[in-house]
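Visitor: Under UniProt numbering, think of the first position of the sequence shown as 1, with each following residue one higher. We put the beta carbon where it would ideally sit given N, CA and C, even for glycine. Computed from a prediction, not measured in an experiment: that's the story for all the values here. Structure in structure tokens, see below.
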Amino acid sequence: MSESIRRFNTFTGVFVPTLLSIFGVILFLRTGWVIGNTGLIEGIILITLAMSISFVTGLSLSSISTNKEVGVGGVYYIISRSLGLDVGGTIGIPLYISQAISVAFYLIGFAESLRGIFPNIPITIVATAVLILFTVIAYIGADFVMKLQIGIFLALIAGILSFIFNPHFSLISQNLAPHYIKGQNFWTVFAVFFPAVTGVTAGIAMSGELKNPKRAIPIGIISALLVSYVTYIFIAYKLACTAPYTVLQKDTLVMVHNSIFPFLVYIGIWMATLSSALTFIVGAPRTLQALAFDGVVPSFFAATLGSKKEEPRAGIIITYIIAQGILFLGSLNLVASIITMFFLITYAVTNLAAALYGLLKPPTYRPSFKVPWYISAYGVAGSYIVMFLINAGATAVATILLLLLYGFLRRKQYKQAWGDIKTGILISIAKFALLKVNEKEQDPKEWRPNVLVFSGRPKERPYLVDFARFLSFNDGLISLVNIIFSSEGENIETKRQEETKILADFIKENKLDFFPKVIVAKNDKNIFPIVAQSYGFGTVEANTALFGWGKNFQNQLRLIKSIKELTNLKKDVLILNFNESKGWGRKSTIDIWWGGRGGNFALMTFIAHTLKEHHEWKKANIRIMKVVNSEKEAAIFEEAYKKLLKAARLDTEVNIIVNKEQEDFHTLIKENSMFSDLIILGLGIPEEGKEEKTVKRINQITEDLPTTLFVRSMTPKDIWDIG
């Protein structure tokens with residue numbers, strides 16, 4: 001918004017609108033009813049509780065508003081810039097609706113007050129006529145409204161003073177204790193009273209048009225709340241001294257009938273209700289306009305329709321329509337209860353934003369007006385507790401609707417040009433969880449694969465991504481790693497960012513729960529062990545490295561040479577030789593070939609059963625393939641395997657192959673697993689100097705075979721919970 005539009009100071013832009021909203025219909029028409037039900041003692045408690053929630057919310061708003069520039073939209077602007085557009089929109093929409101409803105609320109109060117003079121006056125018709133007039137005034141512009149409010153403010157003060165200086169002080173003993181009428185209790189009365197103290201939202205509704213919002217908002221709101229609290233307490237005391245509780249409960253115009261100059265109180269009531277209605281009919285469209293600016297609602301709602309001072313005229317028309325609909329309800333108490341729930345939700349989220357900022361202390365949060373996080377937390381707890389005490393069912397329904405609205409807005413994935421506190425929240429949660437995991441002794445039975453997938457650009461090796469996707473189904477952590485090499489004079493950071501974006505976009509497009517990681521290196525010497533040992537936090541580190549076997553002999557040789565160093569680092573190594581012509585086949589048979597030596601068996605079976613838990617492999621049959629030299633040996637192994645698999649509760653078939661003809665291993669695999677969909681083989685550590693021989697042996701074994709996975713495990717053998 002242009003600087004020429006910022007034209008209001010602390011007094012005219014915040015203090016007066018806040019005080020006029022608080023000194024409204026409740027003050028004159030319902031405070032007597034409140035004291036008549038609660039009595040003076042509980043009444044003071046009720047007023048203090050309501051004011052404390054509003055006061056804390058005012059402190060929270062002041063703190064946030066002194067940290068960053070405040071634009072159009074008041075409370076919505078502050079929440080959306082603190083917690084993001086999805087949360088801001090979730091609160092902004094009901095906030096706008098509550099502000100629009102408030103227009104009708106105050107106009108009903110105005111029309112009701114006229115019945116003291118004109119008993120048969122039709123409330124809905126009178127309120128509608130005034131609504132139309134005020135809509136026209138708001139359409140002309142906020143300048144005119146603000147000029148009117150100064151005169152209204154003075155008339156309102158005169159009405160209050162006319163009641164305060166009445167001479168009655170004789171009935172207080174009758175009104176100390178509560179006398180609730182049928183159907184009322186402390187919390188139902190609280191629900192009717194609470195809209196009286198929601199002026200903080202009206203007070204910053206003009207935030208985009210304040211000359212100095214960082215100064216005006218805290219000074220204007222806090223001073224207005226303090227003045228209004230003292231005034232309400234004193235008026236409650238005067239009411240308790242003025243009339244018996246039976247009169248207070250029934251006579252909504254008790255302040256008129258017990259004042260020095262009744263006509264001044266009438267004028268005060270009219271000015272209070274009308275000014276509050278004006279405040280909201282000017283402020284509500286600005287909330288809607290801000291929602292439209294951010295794309296939360298259609299852009300039409302931000303239309304100024306030719307206004308030179310950027311008045312939200314389309315929003316004014318929409319506000320009129322909503323207020324007119326509410327006028328047909330006609331009941332002041334019913335409308336008050338509806339408004340209370342909306343405002344309490346808004347207050348809770350506003351305080352939540354301030355509490356999170358104060359607790360997490362992000363480096364960008366440096367408000368000139370500081371509020372301890374626990375004070376804002378009181379505002380959160382107080383708002384929600386009061387909501388449940390007023391109406392638990394309505395609170396539950398409102399919460400569910402807000403969650404649904406949040407889910408809808410979250411799916412729209414708004415692009416915002418500012419950061420918000422949600423990232424800080426997630427980082428704090430992650431830090432807490434990582435530290436707790438780090439403190440805990442690692443139980444082998446809780447082992448999960450935390451896999452580094454050396455995928456390069458994943459579109460070039462989609463089979464590695466597929467296999468990682470199958471593995472991650474059982475709560476594993478997967479990171480796609482692309483290693484890029486730098487050359488002299490090259491802008492490597494730009495290249496790293498480009499490659500990171502390629503990885504991140506691929507993950508997002510394919511809806512993968514993976515992490516992207518681009519590593520910059522000068523050469524490929526020891527690159528795999530270096531990456532594997534440096535990736536992670538504390539005990540939450542990569543425990544498995546997944547590679548593609550590929551076709552290049554030198555790359556294969558480099559990979560085999562890295563196995564010893566990776567196993568020395570206690571990392572599992574998985575090497576996938578993908579058969580491009582057969583792919584993953586029908587995903588119906590997984591064969592595990594185990595030689596009986598080494599510690600690969602536990603991880604091999606773990607991988608097979610993790611794949612089977614994935615919906616694409618759920619019909620797969622897992623077969624343990626074991627080669628022996630005699631029938632006697634076959635019987636021994638078969639019995640031992642069956643006991644082991646039963647103890648581990650694994651649904652696995654055991655195939656013992658008696659190699660009477662002493663055929664080589666490659667031939668046996670071809671004869672028994674040629675039509676399987678995945679073959680899992682153990683992999684030993686190659687002897688130094690024999691790496692080339694190992695590469696040739698692997699290529700010989702895998703020639704023409706289905707997709708084959710080689711496993712070198714450093715995982716504890718008791719990852720299966722046996723016993």
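#1: Starting from asparagine 655, trace the alpha helix (DSSP H) in both directions and tell me its first and last residue.
#2: Tell me, to the nearest whole angstrom, how far the beta carbon of isoleucine 93 is from that of isoleucine 339; I am working on the premise that it is less than 8 Å.
#3: With distances taken Cα to Cα, identify the nearest neighbour of leucine 404 among Val75, Val87 and Glu42.
#4: State the start and end residues of the unbroken beta strand (DSSP E) segment that holds leucine 576.
#5: Considering Cα atoms alone, identify which of Lys612, Arg586 and Lys570 is closest to glycine 599.
#6: Identify which residue in Ser60, Leu156, Tyr347 and Tyr237 has its Cα closest to the Cα of isoleucine 222.
#7: Cα separation between serine 331 and glycine 109?
#8: By the three-class DSSP mapping on this structure, what secondary structure does proline 516 have?
#9: Hey, leucine 464 and leucine 576 are a contact pair by Cβ (cut 8 Å); roughly how many whole angstroms apart?
#10: Cutting at 6 Å between CB atoms, please list the residues of its own chain near tryptophan 549, excluding the five before and the five after it.
#11: May I ask you to report which of helix, strand or coil DSSP gives arginine 586?
#12: Should leucine 683 go down as buried or exposed, given a rule of 16 or more other Cβ atoms within 10 Å for buried?
#13: Please give me, in chain order, every unbroken run of the alpha helix (DSSP H) with length at least 4 that falls completely inside the region 214–252.
#14: DSSP on lysine 626, reduced to helix/strand/coil?
#15: Answer yes or no: do valine 627 and leucine 668 have a C-beta to C-beta separation smaller than 8 Å?
#16: Inspect the CB distances between the region 290–308 and the region 148–164 and report whether three or more fall short of 8 Å.
#17: Can you tell me whether DSSP reads isoleucine 679 as helix, strand or coil?
#18: Over the uninterrupted alpha helix (DSSP H) stretch that includes phenylalanine 470, give me the two end residues.
#19: Going by DSSP, what residue range makes up the beta strand (DSSP E) through alanine 545?
#20: Taking the continuous beta strand (DSSP E) assigned at phenylalanine 710, which residues delimit it?
#21: Have a look at isoleucine 44 and alanine 236 and give me their C-alpha separation to the nearest angstrom.
#22: What residue from Pro213, Val75 and Lys436 has the CA that sits closest to glutamine 289's CA?
#23: Which residues share a DSSP beta bridge with glycine 450?
#24: Skipping 5 residues on each side, what residues in its chain have a beta carbon closer than 8 Å to that of phenylalanine 144?
#25: Drop a sphere of 10 angstroms on the beta-carbon of isoleucine 125, count the other beta-carbons inside from all chains shown, and report buried for 16 or more, exposed for fewer.
#26: From Asp513, Asn543, Ala504 and Leu248, pick the residue whose C-alpha is nearest to that of asparagine 450; which is it?
#27: Tell me, to the nearest whole angstrom, how far the beta carbon of phenylalanine 514 is from that of serine 479; I am working on the premise that it is less than 8 Å.
#28: Figure out for me which residue from Glu439, Val371, Gly379 and Leu356 has the closest Cα to the Cα of isoleucine 425.
#29: Would you mind stating whether leucine 327 and threonine 198 have Cβ atoms separated by less than 8 Å?
#30: Do threonine 273 and valine 25 have their CB atoms nearer than 8 Å?
#31: Does the region 245–258 touch the region 67–82, meaning 3 or more C-beta pairs lie closer than 8 Å?
#32: What does DSSP give as the partner residue(s) for glutamate 541 in the beta ladder?
#33: Going by DSSP, name the residue or residues bridged to aspartate 591.
#34: Quick one: complete alpha helix (DSSP H) runs, 4+ long, within the region 73–117?
#35: Does the beta-carbon of alanine 640 have 16 or more other beta-carbons within 10 angstroms, so that it is buried, or is it exposed?
#36: Considering Cα atoms alone, identify which of Lys564, Ser630 and Gly393 is closest to proline 686.
Guide: A quick look at the data gives this:
#1: Counting along the chain, asparagine 655 falls outside any alpha helix (DSSP H), though it belongs to the beta strand (DSSP E) covering 653–658.
#2: Not confirmed; about 15 Å, so no contact.
#3: Val87
#4: 572–577
#5: Lys570
#6: Ser60
#7: 9 Å
#8: strand
#9: 6 Å
#10: Ile575 and Asn577
#11: coil
#12: buried
#13: 245–250
#14: strand
#15: yes
#16: no
#17: strand
#18: 462–471
#19: 544–548
#20: 708–712
#21: 7 Å
#22: Val75
#23: Note on residue identity: the sequence assigns asparagine, not glycine, to residue 450. Paired residue(s): Leu477.
#24: Ile137
#25: exposed
#26: Asn543
#27: 7 Å
#28: Leu356
#29: no
#30: yes
#31: no
#32: Gly536
#33: Arg623 and Ile679
#34: 75–83 and 85–114
#35: exposed
#36: Lys564
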